[in-house]
Amino acid sequence: MLLSSADAARTRKSLFLGAIPAVILASAAALAQPVDVGSGSAAETVARLKPGEYVWAPQVAPSGPALLFVNLKSQRAILYRNGIPIGATTVSTGRPGFETPTGVFTILQKHVEHYSNKYDNAPMPYMERLTWTGVALHAGQLPGYPASHGCIRLPRDFARLLYSVTTLGMTVVVSDQPAIPRLASGPDMAMSAALPKGVAAVEWHPEKAPAGPVSILVSSADRTAIVLRNGIVIGSAPVTIEGEVKGSWVYALRADHKAGLQWIRMALSDASEEVRVPREEWQRFRAPEEFRRAVAGIVQPGTTVIVTSDTLNSPAAGETGVTVIESEPRGR
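Next up, the structure:
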């Protein structure tokens, strides 16, 4: 059952602020500080939420790009804005036989009032579409376990609040790993070294999407990097990666007024076990100089970098794997 009323609102606020030591109260107003999202108290508070409960504290980061991280194992979701957590909620994802796919998605479509065209015209309030095959975020029943046909059900009030701060093209990460995101070391850009000139052509067309959230996909299988803005491909280039890439990782850039830029690292597959990476990690990636400069010009807090050992090409029939951003309409 959802928490409601002024008392419940205060409870939600105190739960969230109490979970994050860096957030303090002064002069009767909440003053936001950057937080370590890997702190034990935050993890414990999120874990204690009962089905239908949520936490909402947008004042922690009043503006900036947002990213939603959904954890299938814990049946929880955390919303980041400007790389800082501003909300957490319980969810209900796909039941056996209708599993919610893992991967990195963008919000393709939004409707306050929406009805399923697959399952008996079922209501899907505050629908935010992640795939053109029917997976979406929306308000729904939360029994405390996976119970949907693949969608990610949210408490109704949280779904409404989430809907009010999201935009088309915003990144949504769905993981089946038990750990919550942790801070990675260093503000260095992922592709920090240049390839020799003439290795391959660089594509760069920022006019296709002049504004919006930025996502950079790097595939060791394809030796390719693709840049999306607002869910639209605006550039690509060849890359080389020294050493082995295991599984898939997502990095989200956040601004820290004391420490500068920091990355939050999130695991998408069992092969990725480390929760922190050394600064030298970025030196493994090499890309053409003109591509590096172009990317550096659009990176901002909220940018996501997805590094995967999988191909970015569509999988063959019968193959399974992590979805890495579905951005092109394929019908409804």
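Heads up, the sequence shown stops at 346 in my numbering, and the numbers go up one at a time, no gaps. Every residue gets a Cβ at the ideal spot worked out from N, C-alpha and C, and that includes glycine.
Task: Segments assigned beta strand (DSSP E), at least 3 residues, entirely inside the segment 126-197 - done: Taken in chain order, the complete beta strand (DSSP E) segments of 3 or more residues contained in the segment 126-197 are 141-143, 150-153, 166-168, 185-189.
TODO: Answer with buried or exposed for residue 237, where buried requires no fewer than 16 other C-beta atoms within 10 angstroms of its C-beta.
DONE: With fewer than 16 Cβ atoms within 10 Å of its Cβ, residue 237 is classed as exposed.
TODO: Tell me whether residue 299 sits in a helix, a strand or coil according to DSSP, three-state version.
DONE: Three-state result, residue 299: strand.
Task: Beta-carbon proximity list for residue 243, same chain, < 6 Å, skipping 5 on both sides - done: Cβ within range, chain order: 223, 226, 228.
- [ ] Could you say which of 167, 314, 105 lies nearest to residue 269 if we only look at CA atoms?
- [x] Among 167, 314, 105, the Cα nearest to that of residue 269 belongs to 314.
Open item on the list: Counting beta carbon pairs with one atom in the segment 164-182 and one in the segment 71-85, are three or more of them shorter than 8 Å?
Closed with: yes
TODO: For residue 249, collect the residues of the same chain with a Cβ closer than 6 Å to its Cβ; drop the 5 residues on either side in sequence, then sort them by chain order.
DONE: 217, 218, 241
Task: Secondary structure of residue 229, DSSP reduced to three states - done: Strand.
TODO: Take residue 347 as the anchor and find which of 159, 96, 114 has the nearest alpha-carbon.
DONE: In the structure displayed, the chain extends from 15 to 346; residue 347 sits before or after that span and is not available.
TODO: Locate the beta strand (DSSP E) running through residue 249, then write down its first and last residues.
DONE: 246-252
Open item on the list: Let me confirm a value: residue 334 is counted as buried when at least 16 other C-beta atoms fall within 10 Å, else exposed. Which label applies?
Closed with: Residue placement at residue 334 is poorly supported in this model, since its pLDDT is 45, which falls under 50; the coordinates still yield a value, given next. Label assigned to residue 334: exposed.
Task: Cβ separation of residue 221 and residue 177, assumed to be a contact under 8 Å, to the nearest whole Å - done: With 8 Å as the limit, residue 221 and residue 177 do not qualify as a contact, their Cβ atoms being about 29 Å apart.
- [ ] If I'm right that residue 137 touches residue 173 with Cβ under 8 Å, what's the distance once you round it to whole angstroms?
- [x] Their Cβ separation, rounded to whole angstroms, is 12 Å, which puts residue 137 and residue 173 out of contact at 8 Å.
Task: DSSP three-state assignment for residue 76, whether helix, strand or coil - done: coil
TODO: Check each candidate in 215, 155, 123 and name the one with the smallest Cα separation from residue 185.
DONE: 123
Task: Cβ neighbour criterion (16 or more within 10 Å) applied to residue 158 - done: Residue environment for residue 158: exposed (fewer than 16 other C-beta atoms within 10 angstroms of its C-beta).
- [ ] Tell me whether residue 259 sits in a helix, a strand or coil according to DSSP, three-state version.
- [x] coil
Open item on the list: Could you compute how far the alpha carbon of residue 275 sits from the alpha carbon of residue 259?
Closed with: As the crow flies, the alpha-carbon of residue 275 is around 24 Å from that of residue 259.
TODO: Quick one: grab the DSSP three-state call for residue 112.
DONE: coil
TODO: Could you tell me whether the Cβ atoms of residue 109 and residue 65 are closer together than 8 Å?
DONE: In this structure, residue 65 does not lie closer than 8 Å to residue 109 by Cβ.
- [ ] Hey, could you find the ends of the beta strand (DSSP E) residue 91 is sitting in?
- [x] Residues 90-95.
Open item on the list: Rounding to the nearest angstrom, what Cα-Cα distance links residue 106 and residue 246 in this structure?
Closed with: 29 Å
Open item on the list: Run through the DSSP bridge pairs and tell me what residue 98 is partnered with.
Closed with: 95
Task: C-alpha gap between residue 215 and residue 146, whole angstroms - done: Taking the straight line joining both Cα atoms gives about 31 Å.
TODO: To the nearest angstrom, report how far apart residue 39 and residue 311 are at their CA atoms.
DONE: Caution applies to residue 39, whose pLDDT of 19 falls short of 50 and renders its modelled position unreliable; the model cannot decide the point.
Task: Backbone secondary structure at residue 11 - three-state DSSP - done: Coverage of the chain is limited to positions 15 through 346, which leaves residue 11 absent and any answer about it impossible.
- [ ] Identify every residue that forms a DSSP beta bridge with residue 243.
- [x] 228, 246
Task: Own chain partners of residue 135 with C-beta closer than 6 Å, once the 5 adjacent residues on each side are dropped - done: 129
Open item on the list: Given this structure, state the Cα-to-Cα distance separating residue 252 from residue 302, to the nearest angstrom.
Closed with: 7 Å
Open item on the list: Quick check on the burial criterion: 16 or more other C-beta atoms within 10 angstroms. Buried or exposed for residue 62?
Closed with: exposed
- [ ] Compute the Euclidean distance between the alpha carbons of residue 206 and residue 96, then round it to the nearest angstrom.
- [x] Since pLDDT at residue 206 reaches only 44, below the 50 mark, its modelled position is unreliable, and no value is offered.
TODO: Return the CA-CA distance between residue 93 and residue 317, expressed in angstroms with no decimal places.
DONE: 14 Å
TODO: Starting from the C-beta of residue 111, find all residues in its chain whose C-beta is less than 8 Å away, skip the five residues before and the five after it, and write them out in chain order.
DONE: Around residue 111, the same chain offers no residue with a beta carbon nearer than 8 Å, after the five sequence neighbours per side are excluded.
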